[in-house]
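Undergrad: Can you keep this structure in mind? I'll have questions shortly.
In full-length UniProt numbering, the protein residues as written are 1 to 525.
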């Protein structure tokens with residue numbers, strides 16, 4: 001009997017050991033599974049970055065080859081025309097020094113590639129200011145050129161670019177982005193691909209009142225602006241690959257009637273900030289903050305036209321077209337097209353429509369492949385207006401008031417609309433399909449029952465993710481491939497409500513603004 005008891009004790013001990021070993025192995029497998037998943041996500045990210053970098057390299061190489069072939073052809077014609085004269089000159093040269101000088105001159109003329117630095121940079125990534133932000137000297141140089149513009153010796157190429165724009169009039173160098181079919185990927189995955197947030201830093205926005213807007217520079221996304229109810233527009237530059245940001249300038253953009261900017265937008269060349277106000281009381285409706293101001297120049301200029309007749313101007317957006325123009329939408333139900341007349345900030349306004357919407361126009365945007373202006377209204381209507389033919393191309397009537405509209409940066413048929421319905425705030429549409437919602441998703445709000453129009457969204461550069469602010473202190477992230485109706489993840493980012501979070505393409509970074517008066521810098525991969 002004692003022997004059997006000892007056997008049972010041994011068996012019990014061995015069973016416990018096996019259970020402990022099994023638990024340890026299960027925990028190790030879970031850990032290594034997460035590790036493999038993280039590495040796979042990193043691999044996908046860097047593969048996409050590599051593909052984009054290879055495309056940019058090929059584009060630059062093709063441009064260089066075209067430039068050299070054109071220059072070589074011109075040089076060949078010149079040499080053929082002057083061939084006889086050149087031969088006679090070389091025969092008259094008897095001194096070795098003369099021969100060397102002649103050879104040197106001829107060699108200098110036969111190398112057209114020496115003029116390559118004068119060619120403007122690639123349009124998709126030109127940098128009017130110092131692009132590198134890791135060194136303090138780069139930030140200082142940018143501040144001198146943007147804010148002060150007092151030193152001719154340090155004046156950047158952006159001034160030359162501004163002069164070229166004046167010569168070109170309303171035309172600008174425009175490169176059509178590459179279209180990528182993303183609509184077939186919608187709701188095709190049963191699991192979300194998460195965005196990993198490594199670290200978050202917060203800096204003071206330097207605003208004294210609640211923030212209103214956040215916008216990235218279209219030619220250098222490491223420059224961004226913020227605006228607030230204190231009427232200040234602050235220009236920032238990302239530092240040390242997203243570890244911080246430095247304030248380059250602060251400009252008071254208060255209107256003549258002492259109103260703050262309701263919304264802001266960058267000029268496509270990255271040399272100015274456009275702000276919109278209110279149509280009440282005869283106030284100025286649009287201002288231009290000139291970032292290339294010379295000595296004694298005017299920093300803020302108000303446009304003369306006042307096409308909106310009443311109420312707030314809720315949105316402004318530059319059109320992704322060759323002709324430089326922007327669109328505004330207001331509480332007077334109107335959508336107005338503003339076209340540049342010449343390079344001296346003279347703009348002419350023209351109503352696209354005033355009666356299609358029966359309530360305030362809350363958001364406007366332009367589609368890339370056609371001259372279609374999207375407008376979303378509090379009347380629950382979404383219109384696509386064809387500028388070329390002068391009429392509405394399509395209309396969507398939905399079940400909730402619309403807050404904003406945002407085209408996808410890669411799939412030119414896809415756009416998002418923000419609505420006021422809880423847990424169904426975001427809707428995806430295809431401009432080719434009538435009265436059809438491709439996908440509906442949203443989030444629960446704990447701190448508020450109402451949906452604020454001050455909450456905004458942003459697409460990721462690859463067009464696969466959407467970030468959204470919230471009445472709660474979190475950033476919601478949606479993977480459009482995920483077949484659920486909730487966020488794929490939520491990042492606690494601030495102490496109070498988050499108004500907006502935008503993606504940078506040059507570095508893996510999210511920038512957010514909040515009613516806690518801070519700017520959030522969130523490193524992601």
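Even glycine gets a Cβ: it sits at the ideal position worked out from N, Cα and C.
Taking only three categories from DSSP, how would you classify residue 44?
TA: Of the three classes helix, strand and coil, the one that applies to residue 44 here is helix, per DSSP.
Undergrad: Can you pull the DSSP bridge partners for residue 377?
TA: Its beta-bridge partners are 361.
Undergrad: Give the straight-line distance between the Cα atoms of residue 70 and residue 56, rounded to the nearest whole angstrom.
TA: Distance between the alpha carbons of residue 70 and residue 56: 21 Å.
Undergrad: For the beta strand (DSSP E) containing residue 407, list its first residue and its last residue.
TA: 402 to 407 is the extent of the beta strand (DSSP E) around residue 407.
Undergrad: How big is the Cα-Cα spacing for residue 513 and residue 15?
TA: Taking the straight line joining both Cα atoms gives about 56 Å.
Undergrad: Do the segment 298 to 307 and the segment 245 to 258 touch if we need at least three Cβ pairs shorter than 8 Å?
TA: Yes: at least three Cβ pairs fall under 8 Å.
Undergrad: Is there contact here, the segment 358 to 378 with the segment 325 to 333, by at least three beta-carbon pairs under 8 Å?
TA: Flag = yes, the segment 358 to 378 and the segment 325 to 333 touch.
Undergrad: Can you tell me whether residue 29 is helix, strand or coil according to DSSP?
TA: Residue state, collapsed to three classes: helix.
Undergrad: With contact counted as at least three CB pairs below 8 Å, one residue from each stretch, are the segment 370 to 382 and the segment 402 to 413 in contact?
TA: Cβ pair count under 8 Å is three or more, so yes.
Undergrad: Is the beta carbon of residue 365 less than 7 Å from the beta carbon of residue 374?
TA: Yes. Within cutoff.
Undergrad: Is the separation between the beta-carbon of residue 413 and that of residue 393 shorter than 7 Å?
TA: The answer is no: Cβ separation not under 7 Å.
Undergrad: For residue 188, which option in 482, 494, 38 and 432 has the closest C-alpha, if you only look at C-alpha atoms?
TA: Considering only alpha carbons, the answer is 482.
Undergrad: Distance, Cα to Cα, residue 47 vs residue 33?
TA: Taking the straight line joining both Cα atoms gives about 21 Å.
Undergrad: If you drop the 5 nearest sequence neighbours on each side, which residues of the same chain put their C-beta closer than 6 Å to that of residue 489?
TA: Answer for residue 489: 194 and 477, listed in chain order.
Undergrad: Can you tell which of 261, 271, 259 and 204 has the C-alpha that lies nearest to the C-alpha of residue 247?
TA: The option with the nearest alpha carbon to residue 247 is 204.
Undergrad: Helix, strand or coil for residue 156 per DSSP?
TA: No answer about residue 156 holds up, because its pLDDT of 38 lies below 50 and its placement is not dependable.
Undergrad: May I ask which residues mark the beginning and end of the beta strand (DSSP E) holding residue 197?
TA: Segment 197 to 204, the beta strand (DSSP E) holding residue 197.
Undergrad: Is the beta carbon of residue 505 less than 7 Å from the beta carbon of residue 461?
TA: Cβ atoms of residue 505 and residue 461: closer than 7 Å.
Undergrad: In the DSSP output, what is residue 476 paired with across the bridge?
TA: Answer by DSSP bridge pairing, in chain order: 468 and 490.
Undergrad: For a test of the three-state rule: what should DSSP assign to residue 270, helix, strand or coil?
TA: Reduced to three states, the DSSP call for residue 270 is coil.
Undergrad: Run through the DSSP bridge pairs and tell me what residue 236 is partnered with.
TA: BP columns for residue 236 point to 224 and 247.
Undergrad: Return the first residue and the last residue of the beta strand (DSSP E) that residue 437 is part of.
TA: Taken as a continuous stretch (DSSP letters only), the beta strand (DSSP E) holding residue 437 covers 437 to 441.
Undergrad: Measure the alpha-carbon distance for residue 517 versus residue 245 and round it to whole angstroms.
TA: Looking at the two C-alpha atoms, the distance is approximately 15 Å.
Undergrad: Give the DSSP bridge partners of residue 399, in chain order.
TA: According to DSSP, residue 399 bridges with nothing at all.
Undergrad: Exposed or buried, which one is residue 455 when buried takes at least 16 other CB atoms within 10 Å?
TA: By the 10 Å Cβ count, residue 455 comes out buried.
Undergrad: With a 10 Å radius around its C-beta and 16 neighbouring C-beta atoms as the bar for buried, classify residue 18 as buried or exposed.
TA: So residue 18 counts as exposed.
Undergrad: Under the three-state reduction of DSSP, which class applies to residue 306: helix, strand or coil?
TA: In the structure shown, residue 306 sits in coil (DSSP, three-state: anything other than H, G, I, E or B).
Undergrad: Along the beta strand (DSSP E) that carries residue 416, what are the first and last residues, could you check?
TA: Residues 414 to 419.
Undergrad: Checking contacts by CB at 7 Å: is residue 444 closer than that to chain D?
TA: Any reference to chain D falls outside this structure, which holds one protein chain only.
Undergrad: Considering only the alpha carbon of each residue, which of 525, 519, 523 and 277 lies closest to residue 206?
TA: Answer by Cα proximity: 519.
Undergrad: Which residues bound the beta strand (DSSP E) around residue 340?
TA: Residue 340 -> beta strand (DSSP E) spans 335 to 342.
Undergrad: Is the beta carbon of residue 318 sitting closer than 7 Å to the one on residue 268?
TA: Yes, these two residues count as a Cβ contact at 7 Å.
Undergrad: Let's test the definition: count the other Cβ atoms within 10 Å of the Cβ of residue 221 and tell me whether it reaches 16, buried, or not, exposed.
TA: Buried, since its Cβ has 16 or more Cβ neighbours within 10 Å.
Undergrad: Within 10 angstroms of its Cβ, does residue 388 collect 16 or more other Cβ (buried), or is it exposed?
TA: The residue in question, residue 388, is exposed, as its Cβ has fewer than 16 Cβ neighbours within 10 Å.
Undergrad: Here's the rule: buried if 16 or more other CB atoms are within 10 angstroms of the residue's CB, otherwise exposed. What is residue 257?
TA: Exposed is the call here.
Undergrad: Below 7 Å CB to CB, which residues in the same chain sit around residue 479 once its five sequence neighbours on both sides are set aside?
TA: If we look at residue 479 and ignore the five residues flanking it on each side, its Cβ neighbours are 192, 193, 464, 465 and 488.
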